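Student: Chains as they are written, first to last, in the numbering used here: chain A, 17 to 245; chain B, 101 to 389.
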Amino acid sequence: MIRFSNVYKAYPNGAMALKDVTFHVSKGEFVFLTGHSGAGKSTIMKLLYAEQRPSAGEVRVSGYNVSSLSPDEVPRLRRRLGIVFQDFRLLEDRTAEENIAFALEVTGARTDTIAARVMRVLTQVGLSAKSRAYPRELSGGEQQRVAIARALVNDPAILLADEPTGNLDERATRGVFQLLRDINAGGTVVVMATHDLDLVRQTVYRTIEMRDGALVYDSDVDEAAAEAQ
Amino acid sequence: MKLLTREALLSFRRAPLLSVLSVTTIAFSLFTVGLFGLVAVNLRQALKGLEERVEIVAFTLRGTPAETIALATQDIAAFPEVKDVSFVSEEEALRRARAELVEFRDAYRDIQVNPLPASIEVRMKEGYNDAATVERVAQRLRGFGFIEDVRFGREWVQKLDHLRNITGVVGLVIGLAFAAVAVVIIGVTIRLTILQRAREISIMRLVGATNWFVRGPFLLEGALKGLLGGLLSLVLCYAGYILFRDNSGGTLSGLVFFGPEQMVLIIIFGVLLGLGGSLVSVGRHLRHV
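(1) Report, in whole angstroms, the separation of the C-beta atoms of Arg222(A) and Val47(A), which I expect to be a contact under 8 Å.
(2) Might you give, ordered along the chain, the residues of its own chain that have their beta carbon closer than 6 Å to the beta carbon of Leu306(B), omitting 5 neighbours on each side?
(3) Shorter than 7 Å from the beta carbon of Val307(B) to some beta carbon of chain A?
(4) For Arg94(A), return the contacting residues in chain B, with the cut-off set at a CB-CB distance below 8 Å.
(5) Are the beta-carbon atoms of Phe104(A) and Ala163(A) separated by less than 7 Å?
(6) Among residues of its own chain, excluding the 5 on either side of Val216(A), which ones have a beta-carbon nearer than 8 Å to its beta-carbon?
(7) Does the pairing of the region 119 to 126 of chain A with the region 293 to 309 of chain B give three or more beta-carbon distances under 8 Å?
(8) With DSSP collapsed to three states, give me the class of Ile169(B).
(9) Is there a Cβ from chain A that is less than 7 Å from the Cβ of Phe318(B)?
(10) With a CB to CB cut of under 8 Å and the five nearest residues on each side skipped, what residues in its chain are close to Pro70(A)?
(11) Would you kindly work out how many angstroms separate the C-alpha atoms of Ala112(A) and Pro151(A), rounded to a whole number?
(12) Report the partner residues of Val371(B) according to the DSSP bridge assignment.
(13) Given a limit of 9 Å on CB to CB distance, which residues of the region 100 to 113 of chain A reach chain B?
(14) Are the Cβ atoms of Gly370(B) and Gly316(B) separated by less than 7 Å?
(15) Ala166(B): buried (16+ other C-beta within 10 angstroms of its C-beta) or exposed?
(16) Where does Met208(A) sit, in a helix, a strand or coil, going by DSSP?
(17) So, at 7 Å on beta carbons, what are the nonlocal neighbours of Arg166(A) in its own chain, with the 5 sequence-adjacent residues on each side left out?
(18) Have a look at Ala31(A), Asn183(A), Ala242(A) and Leu154(A) and flag the residue whose alpha-carbon is nearest the alpha-carbon of Leu107(A).
(19) Whose Cβ in chain A lies nearer than 8 Å to the Cβ of Arg299(B)?
(20) Compile a chain-ordered list of the residues in the region 116 to 139 of chain A whose CB is closer than 8 Å to at least one CB of chain B.
(21) With 16 as the cutoff for other CB atoms within 10 Å, does Ile199(A) come out buried or exposed?
(22) Would you list the residues sitting across from Phe159(B) in a DSSP beta bridge?
(23) Thinking just about the alpha-carbon of each residue, which of His262(B), Gln239(B) and Lys259(B) is nearest to the one in Arg251(B)?
(24) Output, in sequence order along the chain, the residues in the region 163 to 175 of chain A whose CB is closer than 9 Å to any CB in chain B.
(25) Would you grab the beta carbon distance between Ile18(A) and Tyr65(A) for me? Rounded to a whole angstrom, and I think it's under 8 Å.
(26) One question on the structure: do Leu175(A) and Val206(A) come within less than 7 Å of each other, judged by their Cβ atoms?
(27) Pull up the distance between the alpha-carbon of Ala277(B) and that of Arg113(B), whole angstroms please.
(28) Is any non-hydrogen atom of the ligand ZN found closer than 6 Å to the C-beta of Ala158(B), if you look at the structure I gave you?
(29) Grab me the residues of Cys337(B)'s own chain with a C-beta within less than 7 Å of its C-beta, minus the 5 sequence neighbours each way, in chain order.
(30) Would you mind reading off the limits of the beta strand (DSSP E) that contains Asp230(A)?
(31) Looking only at DSSP bridge pairs, what is Tyr24(A) linked to?
(32) Along chain B, in chain order, which residues have C-beta atoms closer than 7 Å to that of Pro9(A)?
(33) Using a Cβ-Cβ cut-off of 6 Å (strictly less than) and excluding sequence neighbours within five positions of Ser144(A), which residues of its own chain qualify?
(34) On the three-state DSSP scale, how would you describe Arg222(A)?
(35) Does chain B have any CB closer than 7 Å to the CB of Pro180(A)?
(36) Less than 7 Å between the C-beta atoms of Ala259(B) and Arg223(B), yes or no?
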């Protein structure tokens, strides 16, 4: 589903955000992306949804080659992804259901299917009772659930979550994390960037650790190597 | 398409002040262009009146037989540049002189011998009143043996030419300058809208809205503002026109307004300005959102 091959990313000011990063993620996986801020997690995320292009190397996501994506193909790639951020990115002047419907409307979904699809994902994230609430009337955890519902409504193959629990208290964090696990259990690949190491340690999911733009630890590879010894 | 229109219209409701501001700036830019256009239209109208009076007068030798003159008149009328030809006999010339030059009426009444020569008056077709063509036709008239002298307002024709050229150039320069200002203003207002809606746009992009889907509402918004601005500028121009005409004490009562084609042209121009401004702005700023 995701394949990074010897990826470098240099910014115009000369800073190297990624240095020779190689990993791949298969169908159905849940992957933690960890590391300090500035380690390269966000750059990896931006490459995954084609917000940026690699300076060298190849990035393949769900069959698309990000290195050589045409402007027309970017929206097509993004419709196969669900993206969730730390700051939720909801529209304040629209209700929960309108926020989710917006994602369907702007991607040209059939009008008569929108209401049912919105209700389905709102139920999935446990917010069907608050469909008419505005973001300011919802708690942080609830807002993130709306954002996740919006990410899910186009049935993505991959869910990218960039610090999804960064703004949440412990209880809300547990709830959102459990939701992401449920989504993964349904077959969707989940890539979650986080620096919440407690969360990472609680689970057995694959962990990729970044430091100064380099991949320093990949539990899949390193554990396989350890077993081989 | 329905959503596109809705999003475009929504911007008017969300930012009424900004929308009114951009429509009025477009309207005022076009109003200035329009006022100049009105001046140009009326100047052209006036020039046309003057041009119609431009004629070549060829004085004939006394005693030229009427048949010769009749034949020559037919020949001259067949020139491609010539609109019509008329023969003014000696008697006709005297009658005109008596009628037009009132101060000399007594003098003319008393004379026994008519001192005025007969002449052939040549009027040029529209578009052939420029100095070079008039000179060419005059030259050909001199070729007739019975023509004694050919007169035409050469300098006057040249000045007319000059004036018309200047009008055209000045009109074009001022029109382009104002068009540029209008494009910049529209660009800025669209930019403000884009910044105001940056969050919405970034979300649209993230969920995979196509570029045209993101741009469409802005382009439509620009075109719509251009349309409204164009209509408003016509209203302003008309008000200005009425004001000028009715307060001139009758001297400008012959002023004309734009014809339907010209009005449609101004509106199309407004739409193009709006579209151009938003295209530039969308192209430059949407990438950074």
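Don't be surprised by glycine CBs; every beta carbon is placed ideally from N, CA and C.
Predicted model, so just to flag it, every value in this text is computed and none were measured.
Tutor: If we stick to the structure as given:
(1) Going by Cβ atoms, the distance from Arg222(A) to Val47(A) rounds to 5 Å, so yes, they are a contact pair.
(2) Beyond the five residues adjoining it in sequence on each side, Leu306(B) comes within less than 6 Å, by CB distance, of no other residue in the same chain.
(3) Against chain A, the CB of Val307(B) has a partner CB under 7 Å away; the residue lies at that interface.
(4) Within chain B, the residues near Arg94(A) are Arg305, Leu306, Val307 and Gly308.
(5) In contact: Phe104(A) and Ala163(A) (Cβ atoms closer than 7 Å).
(6) Only residues of its own chain outside the window of five on either side were considered, and among them Phe48, Thr50, Thr210 and Thr223 have a CB closer than 8 Å to the CB of Val216(A), listed in chain order.
(7) The region 119 to 126 of chain A, when compared against the region 293 to 309 of chain B, does touch it at the 8 Å Cβ threshold.
(8) Three-state DSSP puts Ile169(B) in a helix.
(9) With respect to chain A, the C-beta atom of Phe318(B) has no partner C-beta closer than 7 Å.
(10) Cβ neighbours of Pro70(A) beyond the five flanking positions: Val23, Tyr24, Lys25, Leu34, Leu63, Val82 and Ser83.
(11) So the two alpha carbons sit approximately 7 Å from each other.
(12) None; Val371(B) has no bridge partner.
(13) Listed by position along the chain: Phe101, Arg105, Leu106, Leu107, Glu108 and Asp109.
(14) At a Cβ-Cβ threshold of 7 Å, Gly370(B) and Gly316(B) do not count as neighbours.
(15) Around the beta carbon of Ala166(B), fewer than 16 other beta carbons lie within 10 angstroms, which makes this residue exposed.
(16) In the structure shown, Met208(A) sits in a strand (DSSP, three-state: E or B).
(17) Residues of the same chain with a CB within less than 7 Å of the CB of Arg166(A), apart from the 5 flanking positions on each side, are Asn115, Ile116 and Ala119 in chain order.
(18) Considering only alpha carbons, the answer is Leu154(A).
(19) Here the neighbours are Arg105 and Leu107.
(20) Flagged, chain order: Phe118, Ala119, Glu121, Val122, Thr123 and Gly124.
(21) So Ile199(A) ends up on the buried side.
(22) When DSSP reads this structure, Phe159(B) sits in a beta bridge with Ser219(B) and Asp249(B).
(23) The residue with the shortest Cα to Cα distance from Arg251(B) is Gln239(B).
(24) Flagged, chain order: Arg166, Ala167, Val169 and Asn170.
(25) A Cβ-Cβ separation of about 11 Å leaves Ile18(A) out of contact with Tyr65(A) under the 8 Å criterion.
(26) Yes.
(27) A direct Cα-to-Cα measurement between Ala277(B) and Arg113(B) gives close to 31 Å.
(28) The model depicted lacks the ligand ZN and carries no ligand whatsoever.
(29) Here the set comprises Phe131, Gly134, Leu135 and Leu138.
(30) For the sequence presented, residue 230(A) should be read as Ala rather than Asp. Start and end: Ala230 to Asp234.
(31) Answer is Ala72(A), bridged to Tyr24(A).
(32) This structure gives no information on residue 9(A), because the portion of chain A shown stretches from 17 to 245.
(33) Closer than 6 Å at Cβ, skipping near neighbours: Leu138.
(34) Correct three-state label for Arg222(A): strand.
(35) The beta carbon of Pro180(A) sits no closer than 7 Å to any beta carbon of chain B.
(36) As written in the sequence, residue 259(B) is Lys, which differs from the Ala given in the question. No, Cβ-Cβ distance for Lys259(B) and Arg223(B) is not below 7 Å.
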